[in-house]
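Engineer: Residue numbers (the UniProt record's numbering): 1 to 1141. The C-beta atom is built at its ideal place from N, Cα and C for all residues, glycine as well. Please read these numbers as outputs of a predicted model, since none were measured by experiment.
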Amino acid sequence: MSVGQYSAKRRKLSHDSQTDDFDPRKASNISDGGDVVPDNLARNGLASKTPSQKPTSKPSQTSVSKTPVLPTGGINKSAILGLQVADLNAEVTPNYDKLRSKWTTLSTKLVSLIKDIKDIPPVTATEAVKLLRHRGINIPFPQPQPSKDTNYKFSFVAPKQVLVGGALPWSLSLKDENAVEITAIMPDGILQEKDYLNYRACHKGAFYLACIASAIKKSEEVDFDISFAHKHDVDLLPVIDLVGKDRKPSKFKFQIAVGFSDPSIPIAKTLPSKNCLRREIPGSQEQNGQSSPFYNSAIRYAASVPHFGQIIQSTRSSSFDEACRIGQLWLRQRGFSSSARIGGFGFLEWTIICALLTRTGGHRGHPLFSKQYSSIQFFKVMLQILGGRDLQEPMLLNGANFDLPRSDVPVIYDGETGVNILYKMSPWSYELIRHHAQVSLSALNSRNQNGFDATFVLNVAVPLLQYDEIYSVTVSADLVRTATDERNFVQRMYKILKKGLGDRTTLIDFKLPQESGWPVNKPPSHRKEKYELQVALLANSENINRLVDRGPSADEQEEAAKFREFWGEKAELRRFKDGSISESLVWAGDRPVTLQIIAYLATLHFKMLPSSLETRSQNLESGVLGDGNYTSGLTPKDAFRVINSTFQTLTSGLHNLEGLPLPIRSISPADPALRSSSTLHPLLPSISSPIDITIQFDSSTRWPDFLPAIQHTKIAFLLKLSELLSSNEQGLTTRVGIENTDSANTGYFNTSFLDIIYPSPAPGISPVCFRARIYHDREAHLIQTALADKSLHGALRDSLATALATYKRDFQAKPIHTTTIRNLITRFPPLSSTVRLLKKWVSSHLLLHEHIPEEILELIAAHIFLQPAPWSVPGSATVAFLRCLHFLARWDWAYSPLIIDMSISQDSLTAANVTEIRNRFEAWRKLDPQLNNVVWFVGTNIDTSGTVWTINAHPPRVVAGRLTALARAAIELVESKSTSMTEDQWTGLFESPLGDYDFLIHLKPSVVRGAGLKGKGTKAKSRRDSSAQEFKNLQIAESMDVDSIGYDPAELYLRDLNHAFGSAALFFYDRYGGTVIAGLWRPTVSGRKEWRVRLGWSSVPVKSEGEGEEGKDMCVFNQDGVLAEMARLGEGLVREIKIKK
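#1: I'd like the list of long-range same chain contacts for G335, defined as Cβ closer than 6 Å, with 5 residues on each side in sequence excluded.
#2: Quick check on Q514: buried or exposed, where buried means 16 or more other Cβ atoms within 10 Å of its Cβ?
#3: Just how far apart, CA to CA, sit F887 and P238?
#4: At which residues does the alpha helix (DSSP H) containing T104 begin and terminate?
#5: Kindly identify the DSSP beta-bridge partner or partners of T733.
#6: Suppose the cutoff is 6 Å on Cβ atoms and the five residues either side in sequence are ignored; what does the same chain contact list for L782 look like?
#7: Evaluate F402 with the Cβ neighbour count: other Cβ atoms within 10 Å of its Cβ, from every protein chain shown; 16 or more gives buried, anything less gives exposed.
#8: Using only the alpha-carbon positions, how far apart do L396 and D638 sit?
#9: Can you tell me whether DSSP reads D996 as helix, strand or coil?
#10: Have a look at G165 and L857 and give me their C-alpha separation to the nearest angstrom.
#11: Rank V243, N459, L277 and L718 by C-alpha distance to the C-alpha of F753 and give the top, closest one.
#12: Can you tell me which of K253, T417 and I342 puts its alpha carbon nearest to the alpha carbon of V305?
#13: Count Cβ pairs between the region 555 to 569 and the region 588 to 599 that sit closer than 8 Å; are there 3 or more?
#14: Can you give the Cα-Cα distance for S440 and L464, rounded to whole angstroms?
#15: Could you check which residue in E1105, S1063, L1003 and L1066 has the C-alpha nearest to that of E1131?
#16: For Q192, count neighbouring Cβ atoms within 10 angstroms of its own Cβ and tell me buried if that reaches 16, exposed if not.
#17: Take D892 as the anchor and find which of T126, D627 and V935 has the nearest alpha-carbon.
#18: Please list the segments of the alpha helix (DSSP H) lying wholly inside the region 522 to 592, counting only runs of 4 or more residues, in order along the chain.
#19: With L674 and I691 assumed to form a contact (beta carbons below 8 Å), what rounded beta-carbon distance in angstroms separates them?
#20: Among all the DSSP beta bridges, which residues are the ones paired with A229?
#21: Going by alpha carbons, who is nearest to W1081 out of A454, G1062 and E1090?
#22: Since N540 and L909 are thought to touch, with beta carbons under 8 Å apart, how far apart are those beta carbons, to the nearest angstrom?
#23: When you compare the region 600 to 617 with the region 467 to 478, are there three or more beta-carbon pairs, one atom per stretch, that lie closer than 8 Å?
#24: Just confirm the distance between the C-beta atoms of P870 and L458, as a whole number of angstroms; I'd bet it's less than 8 Å.
#25: With a 10 Å radius around its C-beta and 16 neighbouring C-beta atoms as the bar for buried, classify T108 as buried or exposed.
#26: Give the straight-line distance between the Cα atoms of G626 and H845, rounded to the nearest whole angstrom.
#27: When burial is assigned at 16 or more other CB atoms within 10 Å of the CB, is G259 buried or exposed?
#28: So who's on the other strand from K498, going by DSSP bridges?
#29: Could you tell me which residues DSSP puts in a beta bridge with W1081?
#30: Taking its Cβ as the centre, do 16 or more other Cβ atoms sit within 10 Å of Y208, making it buried, or is it exposed?
#31: Quick one: what does DSSP say M493 is sitting in, helix, strand or coil?
#32: Rounded C-beta distance between A862 and I821? I'm assuming under 8 Å.
#33: Would you say L113 and S219 are within 8 Å of each other, going by their C-beta atoms?
#34: With a threshold of 8 Å, are at least 3 pairs of Cβ atoms found where one atom belongs to the region 864 to 878 and the other to the region 826 to 838?
#35: By the three-class DSSP mapping on this structure, what secondary structure does T964 have?
#36: Inspect the CB distances between the region 173 to 182 and the region 486 to 493 and report whether three or more fall short of 8 Å.
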């Protein structure tokens, strides 16, 4: 399938014309020192049906629109959604009048050709095959084919009724949907009284179709590539596909099908409960006596084509038409179509159901939908039918008054046509569309979320973004000889896997290999070799990794017997801690439990080899973070538990101290290690660092009112704390340190801290070091009072503003942020590893810490879990990480703030908060249109300012643009390669291209902390293991070295580079084992400048050139001298410096 790339023209109601001063189109890429500003929704576009399809048209650029005149009282969310949908509908609707003149000429020729075909008198099956084989046509009989023993005959009489229909002729198609469906209705008399039985009507229809194919192939009036296919991938309904040979992009595809006359297939004889396959079919698993609902609805559909066309045409209205188009779009974005192999629910099913429910479906047969609905109302009620109603409890319409038991497949049965409209759907495709409908309804009804993008714009059907785990099962051709066998096989496998996986998953989806057409002179291309069936899972993160399953009690003999029969030798009796004895299953912890379950059940119930199952998704936790590969046996999750337990011990000890000048009011965590979000193992000796906490004492008038005096008082408090802790607890090491010494005289910044060091919890593990700072609420008031002095000069005012922002960030925002993220990680277990993967990715591209604060990335990761639409809450860290990249790739940060409700209940962010955040964002854009101070604006219910983490250009615009470009490149790779991504491609996501930088400073590996952890996956594991075995004594000594905690020579060198040369260059470094510091010259140092005092960077004089420079002292940037100074500053650390040529 293919589809064009659409974009939604959003109405930006919040932008002011004053922001037009900033034009992101003038930005260049990072290689020339400019910025990459992300485009708006127009560039993101509507993704194609197939994730790998690339855009075919040049995307439009972002522009700022003036605020429109709004009605009194403003405009509500529903009205905005209506405007957006109207714009979208206008964009995806083709020019039907222009297209009609093109396709009607061809369709008229085809209809005339079909009606003029000569009659063929009745012949036997053998004679029919020979007759058409001589004409170069192989009759597309469904299995089982008629044989020489077949006692009914085949004939052809030219049809009197030939219908032209489909989305395009009905003016309901989307752009690039140029398909026209032609249905030739077999005249009365060809089908006999009982031809609805045992495939007889299907066989006669196939012969009738082959006669039409023969005539088209022979005709010189039309020039088409002709082939056979199955309508909607239903093997009972063959069709002719005709594609013009001109190969123009806008060419039309004609599909010719055969329809039965309505009386020839009696509704009473083909009810879903009836069996119309009454004989044993050799090679088929259909058994005599069973009902045949799929077959019954398929042949009744072929007899109801005219009726469905009439129903749709009689329901037409502008809002109905628009609802059908946006419904098609919604289905397409989720990978659904009318094909039985791709969901079995597409445009046709959506349109027919919508039309039927405007006639019936309500109380006492009244309409369930009103014809007065707007398009959005039609759309929402359709989602409510799909998502809110259990259609496995049959929904009977139009006077169908028989009893139908609960079905495995969904049922909307139309009594007038005798068709289950959803007969092509499978149990898993119904669960999937129901899931999507619920997610979309939730997004549209969300109070603070813009559901338009999530519902209509984003491509949802990207397997690696949609599913938590994906496996492929190689199915032998012996198991699926016919299409009926295949249907029975996959339905049986679905039932077994659903029962076996239980509450570990919330949804199981099967992806069947797609079928293609075949030449008219060949037999149907049903596979004769093994093929790959994909099993995709949505995981329940709370249960997915459970190693022991508890079955029925030993006393429940009947249930226990069923349990043992299902699980075979894997079931065993176990005594549990509560004394009960139950059947149980025990799984290994070295590989995914779901993989073990699927492999075991496939072997037990289908006699498949374990090698037939392969993993198609990736576990980046072990592959990139290396979780579980540490020789100490203490995983990062264990380390986080140890740190939090030690923190609780410290908190209790501090509160119980006696002899302090003031009681301690609170002790707050303020570090990634205390919110389980440290990028790597927080207690590895090679990378461990102090863990920040804040201590607040009770208020007292004894605190001084002078900032420098407050800093000295803090030192006195810390010294007293150190003394009391050391005397009260043996084995505890304490040390008071100083920081920000250059501002000690002013007292603007905190100048002291206390390190509290607990002994190593395990061999090979670093001691746990907490770094405590004292929070005094009076400081902010004093800094604000100083800022209020209007006589302050610029540098001092800037220093005070920076001090206030730092104070609010470190002492107010960090503790609240840490507590919030801890609570979210408790609620969403994969969030911890998601944050760590995202930080590792950003750090691998040299952008973390120095340019992008950790906390912002944590907020973005939390946003993926709290507002997951268009998907559900991710159940694995890898999927959540990829969704983070997807968000970064499409976030239009130049024009849109990120607004997050950080509460689990999603009800803490009020409408007033949202308005306040948007007003602040607009104020910042007016104040700073060039984005020199605030680039990313992230507002939450705990920080409505939106800039607590991003003030002072964190990140700078060039870095934000770089991150957007990297995320887009990563997502393009994921979407194009999908489940075929190789290990090297996954690893490549975490490798940064260095060719864009102006110079590279290569460090000696011996001075880089964590250099041994730079490897990925098994390579990293082998290095850790080998070093542990070879230098075990050194590892133990390193873990006992208290003085080295937090000491990082490369980080100190980077700090000196920024201090000395920050006005001339931007520096980029991966602190997690990076051996390269990359540099980019600032645009201000390029070109020739007139020399002046305080130029800000080293320069060398040059001769004046031209009239404009006459009499001026000109200079250029002293690049060689600056690089030489960088090398001298890094003596003993720097191996070499390379310059971009």
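Structural biologist: So, from the data block:
#1: Stepping through the sequence shown from its first residue, residue 335 is reached at position 335. Around G335: A461.
#2: Taking the sequence shown and counting its residues from 1, the one referred to as residue 514 is at position 514. The residue in question, Q514, is exposed, as its Cβ has fewer than 16 Cβ neighbours within 10 Å.
#3: The residue labelled residue 887 in the question sits at position 887 within the sequence shown. The residue labelled residue 238 in the question sits at position 238 within the sequence shown. Roughly 43 Å separates the two Cα atoms.
#4: Here residue 104 refers to the residue found at position 104 of the sequence shown. Element bounds for T104: Y96 to K115.
#5: Here residue 733 refers to the residue found at position 733 of the sequence shown. According to DSSP, which records beta bridges pairwise, T733 is partnered with I757.
#6: To locate residue 782, count along the sequence shown from 1; it is residue 782. Same-chain partners within the cutoff: L707.
#7: Within the sequence shown, residue 402 is the residue found at index 402, counting from 1. Looking at its Cβ environment, which holds fewer than 16 other Cβ atoms inside 10 Å, F402 is exposed.
#8: Taking the sequence shown and counting its residues from 1, one reaches residue 396 at position 396. Taking the sequence shown and counting its residues from 1, one reaches residue 638 at position 638. For L396 and D638, the distance between alpha carbons rounds to 56 Å.
#9: Start at 1 with the first residue of the sequence shown, and residue 996 comes out as number 996. Coil, per DSSP.
#10: Stepping through the sequence shown from its first residue, residue 165 is reached at position 165. Stepping through the sequence shown from its first residue, residue 857 is reached at position 857. Going from the Cα of G165 to the Cα of L857 covers about 51 Å.
#11: Position 753 of the sequence shown, counted from the first residue, corresponds to residue 753. Per the Cα distances, L718.
#12: On the sequence shown, residue 305 is found 305 positions in, with the first residue counted as 1. Comparing Cα-Cα distances from V305 to each of K253, T417 and I342, the minimum goes to T417.
#13: no
#14: On the sequence shown, position 440 is the one that residue 440 refers to. On the sequence shown, position 464 is the one that residue 464 refers to. Their Cα atoms are separated by approximately 19 Å.
#15: Taking the first residue of the sequence shown as position 1, residue 1131 is located at position 1131. Checking every option, the nearest Cα to that of E1131 belongs to L1003.
#16: As a first step, residue 192 must be located in the sequence shown, where it is residue number 192. Result: exposed.
#17: Position 892 of the sequence shown, counting from 1, holds the residue named residue 892. Ranking the options by Cα distance to D892, first place goes to V935.
#18: 557 to 567
#19: Here residue 674 refers to the residue found at position 674 when the sequence shown is read from its first residue. Here residue 691 refers to the residue found at position 691 when the sequence shown is read from its first residue. Right, their Cβ atoms sit about 6 Å apart.
#20: Locating residue 229 in the sequence shown gives position 229, counting from the first residue. The partner list for A229 (beta bridge, DSSP) reads V239.
#21: Position 1081 of the sequence shown, counted from the first residue, corresponds to residue 1081. Closest option to W1081, Cα to Cα, is G1062.
#22: One-based indexing of the sequence shown puts residue 540 at position 540. One-based indexing of the sequence shown puts residue 909 at position 909. Actually they are not in contact, since the Cβ atoms of N540 and L909 sit about 27 Å apart, beyond 8 Å.
#23: yes
#24: The residue labelled residue 870 in the question sits at position 870 within the sequence shown. The residue labelled residue 458 in the question sits at position 458 within the sequence shown. Between L458 and P870 the Cβ distance is about 5 Å, and since that is below 8 Å, they are a contact.
#25: The sequence position of residue 108 within the sequence shown is 108, counting from 1. Exposed, because fewer than 16 other Cβ atoms sit within 10 Å of the Cβ of T108.
#26: Counting from 1 along the sequence shown, the entry for residue 626 is found at position 626. Counting from 1 along the sequence shown, the entry for residue 845 is found at position 845. Approximately 18 Å between the Cα atoms of the pair.
#27: Residue 259 sits at position 259 when you count from the first residue of the sequence shown. Classification of G259: buried, given that the 10 Å Cβ count is 16 or more.
#28: Locating residue 498 in the sequence shown gives position 498, where the first residue counts as 1. Answer is none; K498 lacks a bridge partner.
#29: Here residue 1081 refers to the residue found at position 1081 when the sequence shown is read from its first residue. Answer is A1065, bridged to W1081.
#30: To locate residue 208, count along the sequence shown from 1; it is residue 208. The residue in question, Y208, is buried, as its Cβ has 16 or more Cβ neighbours within 10 Å.
#31: On the sequence shown, residue 493 is found 493 positions in, with the first residue counted as 1. Helix at M493.
#32: Counting from one through the sequence shown, the residue named residue 862 turns up at place 862. Counting from one through the sequence shown, the residue named residue 821 turns up at place 821. Right, the Cβ-Cβ distance comes to about 7 Å (below 8 Å), so this counts as a contact.
#33: Numbered from 1 along the sequence shown, position 113 holds the residue referred to as residue 113. Numbered from 1 along the sequence shown, position 219 holds the residue referred to as residue 219. Yes, Cβ-Cβ distance for L113 and S219 is below 8 Å.
#34: yes
#35: Position 964 of the sequence shown, counting from 1, holds the residue named residue 964. Correct three-state label for T964: helix.
#36: no
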